[in-house]
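Residue numbers (my numbering): 11 to 588.
Following: one structure in structure tokens, then a few remarks.
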Amino acid sequence: MKKVYAAVLALSLLAISCKNTTKESTEQTVESLANLYFNGDILTMEGDTPNYVEALVETDGKIAFAGSKADALAQFSEGVNEIDLHGKTMVPAFLDGHGHFFSVGFTSLCANVLPPPDGPGADYVSIIKTLVDYKDSEVGKYLINKVGWIVGNGYDDSQLAEKDHPKATDLDNVSTELPVVILHQSGHLGSINSKAMEILGYNKDTPDPEGGVLRRDAEGNPNGVLEEAGLFNVLFPILGKMDAELAMQCIQKGQQEYAKKGYLTAQDGRTTPDQVASLIAGAENNAFFMDVVAYPDITLGTDYLQEGEYVPTHAYKNKFRIGGVKLTLDGSPQGKTAWLTDCYFKNPEGRTGCYKGYPVMTDEAAIGHVKTAFKNKWQMLCHSNGDAAIDQYLMAVKAAEAEFGYPDHRTVLIHGQTLRKDQIPDLVELEIYPSLFPMHTFYWGDWHKESVLGEPRADYISPCRDVLDAGLNLTSHHDAPVTFPNSIRVLDATVNRVTRSGQILGPDQRISAYEGLKTLTIWAANQYFEEDTKGTLTQGKLADLVILDKNPLKIDPLDIHTIEVLESIKEGQTVFKK
11 MKKVYAAVLA LSLLAISCKN TTKESTEQTV ESLANLYFNG DILTMEGDTP
61 NYVEALVETD GKIAFAGSKA DALAQFSEGV NEIDLHGKTM VPAFLDGHGH
111 FFSVGFTSLC ANVLPPPDGP GADYVSIIKT LVDYKDSEVG KYLINKVGWI
161 VGNGYDDSQL AEKDHPKATD LDNVSTELPV VILHQSGHLG SINSKAMEIL
211 GYNKDTPDPE GGVLRRDAEG NPNGVLEEAG LFNVLFPILG KMDAELAMQC
261 IQKGQQEYAK KGYLTAQDGR TTPDQVASLI AGAENNAFFM DVVAYPDITL
311 GTDYLQEGEY VPTHAYKNKF RIGGVKLTLD GSPQGKTAWL TDCYFKNPEG
361 RTGCYKGYPV MTDEAAIGHV KTAFKNKWQM LCHSNGDAAI DQYLMAVKAA
411 EAEFGYPDHR TVLIHGQTLR KDQIPDLVEL EIYPSLFPMH TFYWGDWHKE
461 SVLGEPRADY ISPCRDVLDA GLNLTSHHDA PVTFPNSIRV LDATVNRVTR
511 SGQILGPDQR ISAYEGLKTL TIWAANQYFE EDTKGTLTQG KLADLVILDK
561 NPLKIDPLDI HTIEVLESIK EGQTVFKK
């Protein structure tokens, strides 16, 4: 942390480049006039049914009026700058239900080995070629010079032709002189080359780390594939080599990726102490043009969270705040490290018998962390994918509430992909806010049916309909950089639940397009304690606006994925324009 704080001067020199993201963002209207938007579908997101207004007026970064154009012109008689929407759709800007903002910026600098359609990673050959080309590229040389590793992001064994993870011997074809690490798309597994294993001292006698696994060959030697803590023990030291310049690059690129998809409130949902320091330094130097909320990893210590001006709060300073803390109790279902109560449909490599995944920590440790959050009145987000991990979380929240309960804690369940129907009443009773991950139905729905869960369990992945029918609101997220922070793909998957192969996964868990938009707007604002300032187009709220080329409520739901974000407007200022 001290290293990053010491670089504040360097950050201040770089920060000015973050203030304007596109040429269009500098083309602002005459400041003395209010901006009046009209001639489009201005969808306020107020109420249980769709509500439209004819005109919206923005002044001084806030919504000054929403109603008829005639009334707007009468009220703002001194003149307005009229902006014709030409039939396009305006909605409140999207809030990120769950993602990893800083990592989005970092991975944008890494080699993209995602599977199609998001990248070239269809097989080992394409991954190796991509990494070889990357290491000789300008951006590749830049990152290698900064951290000393060749880093690739996003391979997915479920989509590779080999249906397996690349091993160290495969990655040796990229380099035998430099360490190589590629991150699984889930973010919970990865693979390293032989040079990396040499540097790390991994051999047959190296034990598995607590909460993780080093996969091995038939002779017991590590084969380069890492699970959970096995990966994090490699990744966190790499990230720890980040200097102020690279940190600023991550902040810049993260904002650009979010803004172009209409997200103007971003989440950093498992922040390390070094990343917290980088984000604070960026905020102090006015590097943010959107709101960013960090939830530091509670297992990495909390003393520093109670020092200085940036402590957990609901109030922003320079568009940044620490919103609470993050806990992780298991891994990834598609990576088969999530902790289930029943066996996986097909075991991963090296597992026999009834394999159910595994927990990250003991019940006692989980209870202790949740109690710490409740004692300090910190909002907690908890990654629990498997239903066994959800059971552990429910137990921990019950224990924390019994000892340190406080009203309106808005504790959040992150992912909850294998949430059982009998667990939903506990969410209601404990007032736990579910942030589900129905994007999985597109990216890994077929894999869940064929290999991870089988039927009928796969059909119940992220059961949005049942959660809403139980009286809970929810958010739907992308978990970027697991997937891109693509709001339209999130909306499409939440509403349609269509897999890559075109099957509908759990049709009874679909929700309406209007409900889907609520998961990105007003319900997301509720999750952030920001319903008074964001989430609807209501007079007095921030003018955080998004313009879409089509109205999600007026097209065939199956065409939602074709919608484009045309413009993102933060407090009256354009920060992205297509």
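We put the beta carbon where it would ideally sit given N, CA and C, even for glycine.
Computed from a predicted model, the values in this text were never measured in an experiment.
Query                                                                                                                                                 : Result
With distances taken between CB atoms, is the gap from Gln310 to Thr338 smaller than 8 Å?                                                             : The sequence given here has Leu at residue 310, not Gln. In this structure, Thr338 does not lie closer than 8 Å to Leu310 by Cβ.
If Phe104 sits next to Leu576, beta carbons under 8 Å apart, how far is it from one beta carbon to the other, in whole angstroms?                     : Between Leu576 and Phe104 the Cβ distance is about 14 Å, and since that is not below 8 Å, they are no contact.
If you follow the alpha helix (DSSP H) that Thr493 is in, where does it begin and where does it stop?                                                 : Here Thr493 belongs to no alpha helix (DSSP H), and DSSP marks it neither H nor E.
Considering only DSSP beta bridges, list what Lys587 is partnered with.                                                                               : Glu577
Considering Cα atoms alone, identify which of Ala348, Lys387, Lys408 is closest to Glu374.                                                            : Lys408
Rank Lys79, Lys346, Thr485, Gly464 by C-alpha distance to the C-alpha of Gly200 and give the top, closest one.                                        : Lys346
Compute the beta-carbon to beta-carbon distance between Gln195 and Gly150, rounded to the nearest angstrom, for a pair I have assumed lies under 8 Å. : Between Gly150 and Gln195 the Cβ distance is about 20 Å, and since that is not below 8 Å, they are no contact.
Less than 8 Å separating the beta-carbons of Glu172 and Tyr134?                                                                                       : yes
One question on the structure: do Gly234 and Ile202 come within less than 8 Å of each other, judged by their Cβ atoms?                                : yes
With a threshold of 16 other CB atoms inside 10 Å of the CB of Ser78, please say whether the residue is buried or exposed.                            : exposed
Output the distance between the C-alpha atoms of Val500 and Ser486, rounded to the nearest integer angstrom.                                          : 7 Å
I'd like the list of long-range same chain contacts for Lys356, defined as Cβ closer than 7 Å, with 5 residues on each side in sequence excluded.     : Ser461
For His96, does the count of other Cβ atoms within 10 angstroms reach 16, so buried, or fall short, so exposed?                                       : exposed
Once you ignore the five residues that flank Ala534 on each side, which residues in its own chain have a CB closer than 6 Å to its CB?                : Leu105, Gly107, Thr485
Do Pro517 and Val477 have their beta-carbon atoms positioned less than 8 Å apart in this structure?                                                   : no
Could you spell out where the alpha helix (DSSP H) holding Val157 opens and where it closes?                                                          : 148-157
For Glu148, is the classification buried or exposed, using 16 other Cβ atoms within 10 angstroms of its Cβ as the cut-off for buried?                 : exposed
Please identify the residue among Thr421, Asp397, Pro232, Thr584 whose C-alpha is closest to the C-alpha of Gln537.                                   : Thr421
Among Val190, Leu170, Ala257, whose alpha-carbon lies nearest the alpha-carbon of Thr179?                                                             : Val190
Quick check: what's the CA-CA separation for Ile573 versus Ser394?                                                                                    : 31 Å
Checking 8 Å against the spacing of the C-beta atoms, do Lys560 and Thr59 come in under that value?                                                   : no
Check the Cβ-Cβ distances between Phe494 and every residue of chain D, and say whether any is below 8 Å.                                              : Looking for chain D here will not work: only one protein chain is present.
Measure the C-alpha to C-alpha separation of Thr186 and Gly109 and round it to an integer number of angstroms.                                        : 34 Å
Comparing C-alpha positions only, which one of Glu56, Glu68, Val101, Gly71 sits nearest to Gly50?                                                     : Val101
How is the alpha helix (DSSP H) around Gln266 delimited, first residue to last?                                                                       : 254-269
On the CB-based measure, 16 or more other CB atoms within 10 Å of its CB, does Ser511 come out buried or exposed?                                     : exposed
When the Cα of Val505 is compared with those of Ile565, Ala523, Asp253, which residue comes out closest?                                              : Ala523
Could you check where the alpha helix (DSSP H) with Pro247 kicks off and where it finishes?                                                           : 239-249
Rounded to whole angstroms, what's the CA-CA distance from Cys474 to Glu88? Just pull it up for me.                                                   : 47 Å
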